[in-house]
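J.:
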Amino acid sequence: MRGTPRGPRSGAAPRFRQEHGRGAMSALTLEPILKGRRSQPHMLIETLLDVQESNGYVSTEDMKIISRELGVPEIEVYRAANFYKALSLKPRGKNVITICAGTACHVRGSNLLASQVHGLLGIGTGETTADGLFTLEQVNCLGACALGPVVVLNGEYHDHVTPAKLKALILKAGGQEKQAPGKKRAPVKTSARKEAAACANGKKRHSSGKALKS
7 MRGTPRGPRS GAAPRFRQEH GRGAMSALTL EPILKGRRSQ PHMLIETLLD VQESNGYVST
67 EDMKIISREL GVPEIEVYRA ANFYKALSLK PRGKNVITIC AGTACHVRGS NLLASQVHGL
127 LGIGTGETTA DGLFTLEQVN CLGACALGPV VVLNGEYHDH VTPAKLKALI LKAGGQEKQA
187 PGKKRAPVKT SARKEAAACA NGKKRHSSGK ALKS
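The opening position of the sequence shown corresponds to residue 7 in the numbering used here, with each subsequent residue numbered one higher.
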């Protein structure tokens, strides 16, 4: 089976394969991110977030390089990359659609939203369109149950989303890409960095309190 294993046996580090797929970085292309961080294990999360922001995902080769340069065991790099929801171990599209599949959102029709995306873009959960523009993800809860169904598009939260509203959001995002095909990926939000830092420091995770867009 291709792809990064999601559950190594008995705590052993996964066997990272050499990756030459779309967007995989090298030690040379990682240099701007690694500069000033070598042999500094405490910079692991920040380094992973920067790779995510630059490349759209963290490849197995990226993890090997980060492990070597920061002096962090490969298994620890893998665990961190696999733990934080802001990080992805496979390529994401330039536009990431995240649908809440929690109970409150589900009873309000979030399953219809996933069907809408499939009908419009031809992708299911965890898949990316062939042109690399859109990725669909679903999460168990986004912490805004009273405002469901909730959808996050490129880091922006939208509440009470209907299939028609989601279609409009997707068409708008796709239209913007056609007008500016060289646009950069959406940055990893500051809240994601704060959350990662809090978890890394052993602090209790709390809701972000982000303003939702109607």
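Note that CB positions come from ideal geometry on N, CA and C, so glycine has one too.
All values derive from a computational prediction rather than experimental measurement.
(1) Going by DSSP, name the residue or residues bridged to Glu-80.
(2) Only counting the same chain, and skipping five residues up and downstream in sequence, which positions put a Cβ closer than 6 Å to that of Cys-151?
(3) Gln-122 by DSSP, collapsed to three states: which one?
(4) Quick check on this structure: which residue in Leu-36, Arg-85 and Val-157 has the alpha carbon closest to the alpha carbon of Ser-116?
(5) What are the start and end residues of the alpha helix (DSSP H) that includes Cys-111?
(6) Pick out whichever of Leu-127, Leu-93 and Leu-50 has its Cα sitting closest to the Cα of Gly-180.
(7) Could you check how far apart the C-beta atoms of Asn-101 and Leu-153 are, in whole angstroms? I think they sit under 8 Å.
(8) Considering only DSSP beta bridges, list what Val-157 is partnered with.
(9) So what does DSSP say about Thr-35, is it helix, strand or coil?
(10) Pull up the distance between the alpha-carbon of Val-78 and that of Val-64, whole angstroms please.
(11) Kindly indicate which three-state DSSP category Gln-144 falls into: helix, strand or coil?
(12) What's the C-alpha gap between Pro-169 and Glu-143?
T.: Taking the structure as given:
(1) Working through the sequence shown from its first residue, we reach residue 80 at position 74. DSSP, once it has assigned bridges, lists no residue as partnering Glu-80.
(2) The residue given as residue 151 occupies position 145 in the sequence shown. Once the five neighbours on either side are set aside, the close Cβ partners of Cys-151 are Ala-110.
(3) Locating residue 122 in the sequence shown gives position 116, where the first residue counts as 1. Gln-122: helix per DSSP, three-state reduction.
(4) Here residue 116 refers to the residue found at position 110 when the sequence shown is read from its first residue. Closest by alpha carbon: Val-157.
(5) For the purposes of this step, residue 111 is identified with residue 105 of the sequence shown, where counting begins at 1. Element bounds for Cys-111: 109 to 113.
(6) Numbered from 1 along the sequence shown, position 174 holds the residue referred to as residue 180. Here the closest residue by C-alpha is Leu-127.
(7) Position 95 of the sequence shown, counted from the first residue, corresponds to residue 101. Position 147 of the sequence shown, counted from the first residue, corresponds to residue 153. Not quite, the Cβ-Cβ distance comes to about 22 Å (not below 8 Å), so this is no contact.
(8) Here residue 157 refers to the residue found at position 151 of the sequence shown. Val-157 is bridged to Ile-105 and His-164.
(9) The residue given as residue 35 occupies position 29 in the sequence shown. Reduced to three states, the DSSP call for Thr-35 is helix.
(10) As a first step, residue 78 must be located in the sequence shown, where it is residue number 72. As a first step, residue 64 must be located in the sequence shown, where it is residue number 58. Roughly 16 Å between the two C-alpha positions.
(11) The residue you call residue 144 lines up with position 138 of the sequence shown. DSSP places Gln-144 in the strand class (E or B) of the three-state scheme.
(12) Position 163 of the sequence shown, counting from 1, holds the residue named residue 169. Position 137 of the sequence shown, counting from 1, holds the residue named residue 143. Distance between the alpha carbons of Pro-169 and Glu-143 is about 16 Å.
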